[in-house]
Amino acid sequence: MNFNLPYLPERPAKPRINGLAMVMDKGLSIREAENFVSSSAELTDFIKLGFGTSAITNNLEQKIKVYKQAGIKVYFGGTLFEAFVIRNMFVSYMELIDKYQLDAVEVSDGSMNMEHQLKCEYIGKLSESYIVLSEVGSKDAEVEITNKEWISQMQSELEAGSFKVIAEARESGTVGIYKSNGKADISLIDEISSKVPLENILWEAPLKSQQAWFIKHFGANVNLGNIAPNEVIALETLRLGLRGDTFFEFVPDDIRRKYQ
Amino acid sequence: MNFNLPYLPERPAKPRINGLAMVMDKGLSIREAENFVSSSAELTDFIKLGFGTSAITNNLEQKIKVYKQAGIKVYFGGTLFEAFVIRNMFVSYMELIDKYQLDAVEVSDGSMNMEHQLKCEYIGKLSESYIVLSEVGSKDAEVEITNKEWISQMQSELEAGSFKVIAEARESGTVGIYKSNGKADISLIDEISSKVPLENILWEAPLKSQQAWFIKHFGANVNLGNIAPNEVIALETLRLGLRGDTFFEFVPDDIRRKYQ
Amino acid sequence: MNFNLPYLPERPAKPRINGLAMVMDKGLSIREAENFVSSSAELTDFIKLGFGTSAITNNLEQKIKVYKQAGIKVYFGGTLFEAFVIRNMFVSYMELIDKYQLDAVEVSDGSMNMEHQLKCEYIGKLSESYIVLSEVGSKDAEVEITNKEWISQMQSELEAGSFKVIAEARESGTVGIYKSNGKADISLIDEISSKVPLENILWEAPLKSQQAWFIKHFGANVNLGNIAPNEVIALETLRLGLRGDTFFEFVPDDIRRKYQ
Chain A
10 MNFNLPYLPE
20 RPAKPRINGL
30 AMVMDKGLSI
40 REAENFVSSS
50 AELTDFIKLG
60 FGTSAITNNL
70 EQKIKVYKQA
80 GIKVYFGGTL
90 FEAFVIRNMF
100 VSYMELIDKY
110 QLDAVEVSDG
120 SMNMEHQLKC
130 EYIGKLSESY
140 IVLSEVGSKD
150 AEVEITNKEW
160 ISQMQSELEA
170 GSFKVIAEAR
180 ESGTVGIYKS
190 NGKADISLID
200 EISSKVPLEN
210 ILWEAPLKSQ
220 QAWFIKHFGA
230 NVNLGNIAPN
240 EVIALETLRL
250 GLRGDTFFEF
260 VPDDIRRKYQ
Chain F
10 MNFNLPYLPE
20 RPAKPRINGL
30 AMVMDKGLSI
40 REAENFVSSS
50 AELTDFIKLG
60 FGTSAITNNL
70 EQKIKVYKQA
80 GIKVYFGGTL
90 FEAFVIRNMF
100 VSYMELIDKY
110 QLDAVEVSDG
120 SMNMEHQLKC
130 EYIGKLSESY
140 IVLSEVGSKD
150 AEVEITNKEW
160 ISQMQSELEA
170 GSFKVIAEAR
180 ESGTVGIYKS
190 NGKADISLID
200 EISSKVPLEN
210 ILWEAPLKSQ
220 QAWFIKHFGA
230 NVNLGNIAPN
240 EVIALETLRL
250 GLRGDTFFEF
260 VPDDIRRKYQ
Chain Z
10 MNFNLPYLPE
20 RPAKPRINGL
30 AMVMDKGLSI
40 REAENFVSSS
50 AELTDFIKLG
60 FGTSAITNNL
70 EQKIKVYKQA
80 GIKVYFGGTL
90 FEAFVIRNMF
100 VSYMELIDKY
110 QLDAVEVSDG
120 SMNMEHQLKC
130 EYIGKLSESY
140 IVLSEVGSKD
150 AEVEITNKEW
160 ISQMQSELEA
170 GSFKVIAEAR
180 ESGTVGIYKS
190 NGKADISLID
200 EISSKVPLEN
210 ILWEAPLKSQ
220 QAWFIKHFGA
230 NVNLGNIAPN
240 EVIALETLRL
250 GLRGDTFFEF
260 VPDDIRRKYQ
């Protein structure tokens with residue numbers, strides 16, 4: 010903080026388990042990655058190299074090093090995991106993670122059908138060596154998952170070894186926990202959070218309105234993901250109540266009564 | 010200009026009082042700020058460090074210096090002013106502006122209730138030392154302000170010492186002078202401009218369609234704000250009639266008759 | 010490729026005539042242009058300096074050199090060509106192209122009325138010295154062009170010397186070959202592609218949903234344009250089937266049956 014103000018919510022320092030931000034890099038150059046860490050490293054816990062971009066990123070090892078040296082954990086998007094799995098190449102995928110010395114790995118089934126039992130086995134196997142983030146929810150708006158399934162899948166994936174379960178929203182924020190207009194599916198989200206500890210969930214929330222909604226609903230230290238690199242600082246102002254949308258969230262009642 | 014063309018509207022050089030562009034920086038790194046000034050400094054009059062981002066920007070003094078040395082005036086977003094005011098810390102805010110040697114300051118009440126008389130006192134006090142930009146309009150779409158109130162507030166704020174009054178639109182361009190679909194509220198805008206000198210108003214216009222609308226409605230040198238850093242050059246082509254939307258705005262009638 | 014996977018569609022190397030990407034630069038600084046080429050040069054065939062931005066770009070010669078040295082062909086947006094033509098300054102335009110040593114030139118009539126015969130003459134004249142990309146379709150949603158006219162214009166422009174014909178969509182992707190909601194006009198596109206060789210067409214497709222649609226409809230090596238600089242790598246993952254939208258496009262049937 011460059012200057013202090015009273016009534017800002019407390020934010021844990023890194024490494025933290027609450028108040029996480031996961032950022033999606035879908036093809037930054039080395040210098041853009043350096044720019045990013047110079048402004049946002051302290052606010053960023055995980056970088057996801059989105060979907061299969063890591064296959065075609067120049068200087069991939071160097072970029073991973075830039076992020077890791079800045080204290081950010083890096084992982085490949087779950088779609089890449091799935092691309093290896095449908096090709097029956099899970100072992101090669103493990104070797105790839107190892108070769109690039111990644112800290113974390115995502116296990117997902119957003120683009121493919123996978124027996125949930127098998128998904129949990131992948132999580133278990135990978136969690137022996139890596140931080141596992143597993144994602145629940147389909148990228149396809151037409152695949153219906155009941156609230157019960159959301160919850161039971163999250164629970165069993167956490168039991169299998171996931172560090173956090175990610176609630177799917179895509180880069181667009183229009184599927185999974187959101188309706189097609191981008192609005193939060195409140196009854197689903199509330200039912201999930203009544204059964205799964207909030208600190209174990211990372212909600213994908215690419216749009217500002219979604220980020221503000223989660224902060225107002227669950228507080229400053231809700232875990233949020235699929236943040237665009239150039240929105241990380243703006244997200245932090247939402248968490249701190251220093252942007253219009255959350256301006257009165259964290260101040261005492263007397264201030265609220267007087268000015269809201 | 011790299012090459013010349015007839016029938017381009019005249020654009021005043023900096024420092025200017027008409028044809029201003031105010032750009033919103035919501036967290037650029039130092040190098041990104043340098044990139045910005047290398048391409049867009051001559052086209053940019055003011056940089057707003059959006060809402061409370063300046064509280065958490067690394068190397069804030071250095072970034073302010075980059076902008077100031079490029080001839081751009083810098084100020085903190087009005088939400089930060091309001092965050093200090095509701096905490097009864099206006100004096101600290103003045104010290105902060107002074108510490109960072111800012112040229113300008115924004116006085117707004119977009120997120121809070123403030124007696125208009127008090128707002129004008131803040132404007133008067135701050136205008137003794139700084140260029141004051143004061144903003145009219147609520148960030149909350151449900152707060153209704155009559156056309157008369159828009160006008161009387163703008164007039165009294167200019168009398169109190171504001172250099173320009175800013176017409177609120179947020180980063181999204183969907184409140185204040187715009188309807189929720191982003192379209193300009195023409196009757197409001199026309200009534201304002203019939204009573205307040207156009208050169209004293211800076212219209213927030215984050216979307217291209219809004220920028221084009223204002224240029225067609227008020228000419229190339231209308232003052233526009235909340236421009237994204239990477240849209241400043243594109244905005245200038247709209248002002249010059251070098252983009253489709255304003256292609257025939259500034260050419261003689263015979264050309265228009267022949268080709269439109 | 011950093012690592013290999015079976016069943017990825019083959020992508021031709023540069024210089025290629027199929028699978029092209031045309032990127033729109035609407036005002037990058039030199040360093041941003043350098044960042045772009047460091048990550049995306051191999052994936053990019055043409056850079057369009059959008060509409061009239063080249064008139065006001067600092068260090069324009071240097072930027073063109075950055076792109077050319079990275080093996081990317083550069084041209085000015087068609088709106089600039091039209092701005093010269095309505096001013097009766099076509100000869101000056103030729104001199105300008107020559108002065109900046111551009112490889113390519115766009116001939117369009119998206120903002121103005123032009124006899125199609127005359128357009129073809131411009132194409133013929135310019136194709137003696139440059140690669141000509143000519144654009145069909147109006148930027149104005151209210152100008153109606155029949156399917157027949159789309160086809161006959163494309164055909165005669167190719168005969169006149171165009172390297173590719175570009176199907177208009179603007180930066181927004183809401184006119185020309187798209188409906189106002191951004192969805193592809195399938196019957197128009199299919200009728201065009203039944204009469205004009207696909208490899209001769211470059212489809213403007215600024216939105217991800219549009220890029221995915223064309224890749225699913227015409228395959229990995231469809232020519233696409235108006236790609237934003239920071240979306241080039243993401244586009245390549247769509248072409249390779251390494252993003253959700255095209256995940257099963259290129260894999261064998263038995264994999265599709267098992268996992269889709």
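Chains as they are written, first to last, in our numbering: chain A, 10 to 269; chain F, 10 to 269; chain Z, 10 to 269. The beta carbon of each residue, even a glycine, is placed where N, CA and C say it ideally should be. Small disclaimer: the values here were computed from a predicted structure and weren't measured.
Exposed or buried, what is residue i when buried is set at 16 or more other beta-carbons lying within 10 Å of its beta-carbon?
i               : result
I26 of chain A  : exposed
V116 of chain F : buried
T155 of chain A : exposed
I95 of chain Z  : buried
V141 of chain F : buried
I73 of chain F  : buried
I195 of chain F : exposed
V241 of chain F : buried
M163 of chain F : buried
L251 of chain A : buried
Q219 of chain A : buried
S203 of chain A : exposed
Start and end of the alpha helix (DSSP H) containing residue i?
i               : result
I242 of chain A : 241 to 249
S218 of chain F : 217 to 227
I264 of chain A : 262 to 268
S47 of chain A  : 39 to 49
Does the beta carbon of residue i come closer than 8 Å to any beta carbon on chain A?
i               : result
T246 of chain Z : yes
L105 of chain F : yes
Y84 of chain Z  : no
M10 of chain Z  : yes
E144 of chain F : no
When you compare the CB of residue i with every CB in chain F, is at least one pair closer than 8 Å?
i               : result
Q269 of chain A : yes
G185 of chain A : no
G253 of chain A : yes
A178 of chain Z : no
A60 of chain Z  : Correcting the residue type first, residue 60 of chain Z is Phe in the shown sequence and not Ala. Taking Cβ atoms only, chain F reaches closer than 8 Å to F60 of chain Z, which makes this a yes.
G36 of chain Z  : yes
K148 of chain Z : yes
E213 of chain Z : no
R40 of chain Z  : yes
For residue i, which residues in the same chain have their Cβ closer than 6 Å to its Cβ, ignoring the five residues on either side in sequence?
i               : result
P238 of chain F : V32, F45
L17 of chain Z  : L249
N68 of chain A  : I39
S143 of chain Z : V116, I132, E166, S171, V174
G36 of chain Z  : T62
Need the endpoints of the beta strand (DSSP E) that residue i sits in, please.
i               : result
L197 of chain Z : It is not in any beta strand (DSSP E) - L197 of chain Z instead sits in the alpha helix (DSSP H) that spans 195 to 204.
M103 of chain A : Where M103 of chain A is concerned, there is no enclosing beta strand (DSSP E), although the alpha helix (DSSP H) it sits in stretches over 99 to 108.
N122 of chain A : Premise fails: N122 of chain A is in no beta strand (DSSP E) and is neither H nor E.
A30 of chain A  : 30 to 34
E213 of chain F : 210 to 213
V141 of chain F : 140 to 145
T233 of chain F : A quick correction: the sequence has Leu, not Thr, at residue 233 of chain F. Per DSSP, L233 of chain F belongs to the beta strand (DSSP E) from 233 to 236.
Can you find a C-beta in chain Z that's less than 8 Å from the C-beta of residue i?
i              : result
L69 of chain A : yes
A64 of chain A : yes
N27 of chain F : no
L89 of chain A : yes
Output needed for residue i: all residues of its chain with C-beta closer than 8 Å, excluding positions within five of it in sequence on either side, in chain order.
i               : result
V184 of chain A : G146, S147, K148, D149, A150, E177, A178
P21 of chain A  : N27, G28, N230
F227 of chain Z : S202, L207
Leaving out the 5 sequence neighbours to the left and right, which residues in its chain are closer than 7 Å to residue i when beta-carbon positions are compared?
i               : result
E245 of chain A : L52
I198 of chain Z : I186
A221 of chain A : L247, D254, T255
Tell me whether residue i, by its Cβ, gets closer than 7 Å to a heavy atom of the ligand NAP.
i               : result
S165 of chain F : By its list of ligands, the structure shown contains no ligand whatsoever, and the ligand NAP lies outside what it can speak to.
At what residue ranges does the segment 149 to 178 of chain A contain a whole run of the alpha helix (DSSP H), taking only runs of 4 or more?
Runs of the alpha helix (DSSP H) lying entirely within the segment 149 to 178 of chain A, each at least 4 residues long, are 156 to 169 in chain order.
Going along the chain, which unbroken runs of the alpha helix (DSSP H) with 4 or more residues stay wholly within the segment 58 to 93 of chain F?
69 to 78
Taking Cβ-Cβ distances below 7 Å as the criterion, which residues of the segment 97 to 123 of chain Z are in contact with chain C?
Of the protein chains in the structure, A, F and Z, none is chain C.
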